[in-house]
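First the structure, in the form of structure tokens, and then the observations on it.
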Amino acid sequence: MIEFVELTVFAVGIVTLLFIRTEKRIYQYIPEAGLFLLAFYFVLGGWFFSIVEGFLLKNLFNHVEHLLYALSNLTLSLWCYRVFLRKEM
Numbered sequence: 060m061i062e063f064v065e066l067t068v069f070a071v072g073i074v075t076l077l078f079i080r081t082e083k084r085i086y087q088y089i090p091e092a093g094l095f096l097l098a099f100y101f102v103l104g105g106w107f108f109s110i111v112e113g114f115l116l117k118n119l120f121n122h123v124e125h126l127l128y129a130l131s132n133l134t135l136s137l138w139c140y141r142v143f144l145r146k147e148m
């Protein structure tokens, strides 16, 4: 069973993805933009699998969802390190 909140969050994520993909000029303002976007893609994948787990293979897709959230956190941590801490060393 999926929840309305999950669909809403995923829909907002898709709209954000469309904005990011069409407005490529914003990349110049974000240092290490590729790494930052990868973290967003992992979160978006987690939101997708949050919906999929409501239909089939609940345990498997729940694990995939949380794995993607963990990868997003690691990627965002690496982005923060590269942008804010590496320059100070």
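Count along the sequence shown from 1, then add 59; that gives the number in the working numbering.
Note that CB positions come from ideal geometry on N, CA and C, so glycine has one too.
A residue is called buried when at least 16 other Cβ atoms come within 10 angstroms of its Cβ; Leu119 does not meet this threshold and is exposed. Counting C-beta pairs closer than 8 Å gives fewer than three between the segment 113-131 and the segment 81-93, which falls short of the contact rule. Phe120 carries a helical assignment under DSSP once its states are collapsed to helix, strand and coil. Judged by their CB atoms, Trp138 and Leu94 are nearer to each other than the 8 Å cut-off.
At the C-beta level, Met60 and Gly113 come within 8 Å of one another. Look at Leu115 here: in three-state DSSP terms it is coil, with no helix or strand label.
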